[in-house]
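Residue numbers (UniProt numbering), protein chains in the order written: chain A, 1 to 130; chain B, 1 to 130; chain C, 1 to 130; chain D, 1 to 130.
We treat Cβ as the ideally placed atom computed from N, Cα and C, and that holds for glycine.
Structure first, then comments.
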DNA sequence: GTGGTCTAGACCACA
DNA sequence: GTGGTCTAGACCACT
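Given below as C-alpha cells:
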C-alpha cells in the first residue's frame with residue numbers, strides 16, 4: 001500500500017499518515033490483523049521522523065484502529081472498529097457543519113454536495129469489494 | 001446574531017469565529033452589506049483579544065466573505081460569493097475523504113452519512129427561507 | 001470632471017481624490033487657474049467627509065498643484081509645476097522598484113512593462129491634446 | 001543576501017521586508033527552494049519583532065512566493081510564480097496610473113519615464129544573469 | 001472611533 | 001527549534 005506525504009500541506013504529517021492508514025483499513029487494502037511496517041522502516045521509507053510515525057501509530061491505537069505490541073510492532077486491529085456512537089456522529093456533525101455552510105455560500109446545492117459524498121463512498125467501498 | 005466561542009476546543013478561536021460568521025451568511029442571519037461589529041466591540045463581547053477578531057475578519061475578507069472598510073468597519077460582502085470552482089471542490093473532496101474513510105471503518109453506511117449532510121442542509125437552508 | 005471614490009480600496013480616500021485631481025491636471029481637464037469646487041460641495045457630491053476633501057486639497061497645495069485661498073476656495077496652480085528634480089526621480093525609482101521586481105518574478109518582460117507605461121502616457125497625454 | 005529595514009519610512013516594515021525578498025527572488029539572489037532564515041533569527045538580525053517577519057512571510061506565502069513548512073521554516077517556492085494574469089496587469093496599471101499622471105505634471109516625458117523603467121529592469125535582471 | 005501596524009512575551013503542536 | 005496562536009498594550013492614519 002502506497003503512502004504519500006506532502007510536508008507543505010497544512011495538515012500535520014502524522015495526521016496525513018494516520019488518515020491514509022485509516023483509508024487503507026476502510027478500503028480493505030489493509031486487512032484485519034495485517035502487520036504494519038515497523039516505525040523505523042516506515043519513517044525511513046517516507047523520509048520523515050521516527051517520532052512522527054510513532055505519534056500516528058499511537059493515535060490510531062488510541063482510536064482503536066491498531067494494536068501496538070511493544071516488540072512485535074503494530075497490526076491492524078483484528079476485530080472491527082466499535083461502531084459509530086453518538087459522540088462520533090456529533091464529531092462528524094461539527095466537522096461537516098462549516099463545510100456545508102461555506103458550500104451554501106458558494107452556491108453548491110444539496111444534491112451537488114451529496115454527489116461528492118457518494119462518489120467518495122463509491123471510490124473507497126468498491127475498492128473493498130474487489 | 002449570537003456567537004459562541006469555546007477556548008477549550010482544538011480549533012483556533014479565530015477559526016471558530018470565522019466559521020460562525022460564514023454560517024451566519026449561509027443562513028441569511030447576516031444579510032449582504034450588513035455591518036458587523038467593530039473588532040474592538042466584538043472582542044469585548046466575546047471576551048477575546050481584538051487581534052484574534054482581526055485575524056478572523058482578515059481571513060474572511062481574503063476569502064471574499066467580507067469587505068473591510070478602513071474606517072467604517074466590516075460589512076458582509078454585498079455581492080454573492082464567487083461560485084464554487086474546481087479548487088473548491090477539490091478542497092471539499094480532500095476534507096471529506098478522511099471523514100468518509102473513518103465512517104466506513106465505523107460502519108456508518110452511505111445512507112447514514114448522506115442523511116447527516118441532508119440534515120445540515122435542512123438546518124441551514126431553512127433558516128434562510130424563513 | 002468626474003471623480004469616482006471607492007471606499008473599499010486600500011488607498012485612503014483623500015489619496016484617491018488627490019490622485020484624480022492630479023490626473024485631471026495632467027490631462028488638461030483641469031486648466032491652470034481653474035476653480036475647484038468648494039470643500040463643502042465636493043464632499044457632498046462625493047458623499048465623503050469634509051475633512052477628507054480638506055486633507056486632499058492641503059496635500060495638493062503642499063505639493064504645488066493647487067493654490068488654496070482662505071475665502072475664495074482652491075484653484076489649479078496657474079503656473080506649471082516645478083519640474084521633476086532629483087528627489088522626485090528618486091521617489092519614482094523607489095516606487096517602481098518593487099513593481100518591476102514582482103513583474104520579473106511573474107515573467108512580465110521589459111517590453112511588456114514598457115508597453116503598459118506607454119499606453120498610460122498615451123491615454124493621459126492624448127486627452128490633453130484634444 | 002542583505003536586507004535593510006528603515007523603520008522611519010512610511011511603508012510598513014513587513015512590506016519593506018516582503019519587497020526585498022521579492023527583489024531577491026527576481027534577481028536570483030534567492031534561488032528556488034532556497035531556505036530562508038527562521039522568523040526568529042531574521043527578526044533578531046533586523047532588530048524587529050518576530051511577528052512582523054511572520055506577517056511578511058505569510059504575505060509572501062499567500063502570494064505564492066514562498067512555501068512555509070510548519071517545522072522546517074520557509075523556502076522560496078521551488079516552482080516559478082504563476083505568470084502575470086489579467087488581474088496582475090490591472091493592479092500594475094492602477095499603481096502606475098497616478099505615477100504617470102504626476103510625472104506628466106512635472107514635465108517628465110515618456111522617454112524619460114521609460115528610461116527609468118529600463119534602468120530598473122537592467123539593474124535587476126543583469127544581477128540574475130551573472 | 002475605526003482598522004493597521006508594531007512590540008513584547010507566552011504557550012503549544014509539531015518534528 | 002520551528003511556525004501558529006493568543007494576549008496585552010501602544011501608536012498612528014484615516015474619517
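Return helix, strand or coil for residue i, following the three-state DSSP convention.
i: residue 67 of chain D; result: strand
i: residue 22 of chain C; result: helix
i: residue 5 of chain B; result: coil
i: residue 33 of chain C; result: coil
i: residue 13 of chain C; result: helix
i: residue 104 of chain D; result: helix
i: residue 74 of chain D; result: strand
i: residue 109 of chain D; result: coil
i: residue 98 of chain A; result: helix
i: residue 45 of chain C; result: helix
i: residue 52 of chain C; result: helix
i: residue 136 of chain A; result: Look at the range of chain A in this structure, 1 to 130, and you will see that residue 136 of chain A is not part of it.
i: residue 27 of chain A; result: helix
i: residue 126 of chain D; result: helix
Alpha carbon to alpha carbon, how far is residue j from residue i? Give it in angstroms, no decimals.
i: residue 119 of chain B; j: residue 7 of chain B; result: 27 Å
i: residue 74 of chain B; j: residue 109 of chain B; result: 43 Å
i: residue 111 of chain C; j: residue 41 of chain D; result: 39 Å
i: residue 55 of chain D; j: residue 28 of chain B; result: 33 Å
i: residue 122 of chain B; j: residue 80 of chain B; result: 20 Å
i: residue 24 of chain A; j: residue 60 of chain D; result: 36 Å
i: residue 69 of chain A; j: residue 106 of chain C; result: 53 Å
i: residue 64 of chain D; j: residue 103 of chain C; result: 13 Å
i: residue 95 of chain A; j: residue 85 of chain B; result: 21 Å
i: residue 90 of chain C; j: residue 83 of chain B; result: 44 Å
i: residue 58 of chain C; j: residue 11 of chain C; result: 17 Å
So, at 7 Å on beta carbons, what are the nonlocal neighbours of residue i in its own chain, with the 5 sequence-adjacent residues on each side left out?
i: residue 33 of chain A; result: 75, 76, 78
i: residue 38 of chain B; result: 73
i: residue 19 of chain A; result: none
Grab me the residues of residue i's own chain with a C-beta within less than 8 Å of its C-beta, minus the 5 sequence neighbours each way, in chain order.
i: residue 100 of chain C; result: 113
i: residue 52 of chain C; result: 13, 14, 17, 43
i: residue 30 of chain D; result: 1, 21, 24, 36, 76
i: residue 50 of chain C; result: 39, 40, 43
i: residue 62 of chain A; result: none
If you compare alpha carbons, which of the options is closest to residue i?
i: residue 9 of chain A; options: D:125, D:87, D:65, D:71; result: D:71
i: residue 67 of chain D; options: D:35, D:24, D:124; result: D:35
i: residue 116 of chain C; options: D:88, D:105, D:38; result: D:88
i: residue 98 of chain B; options: A:63, A:82, A:26, A:102; result: A:26
i: residue 93 of chain A; options: B:124, B:82, B:83; result: B:124
i: residue 46 of chain B; options: B:3, B:90, B:82; result: B:3
i: residue 48 of chain D; options: D:127, D:5, D:126; result: D:5
Please list, in chain order, all residues of the same chain as residue i whose beta carbon is under 6 Å from its beta carbon, the five residues on each side excluded.
i: residue 127 of chain B; result: 27
Is residue i near the ligand SAH, with its Cβ less than 8 Å from a heavy atom?
i: residue 19 of chain B; result: With respect to the ligand SAH, the structure shown offers nothing to examine, as it has no ligands at all.
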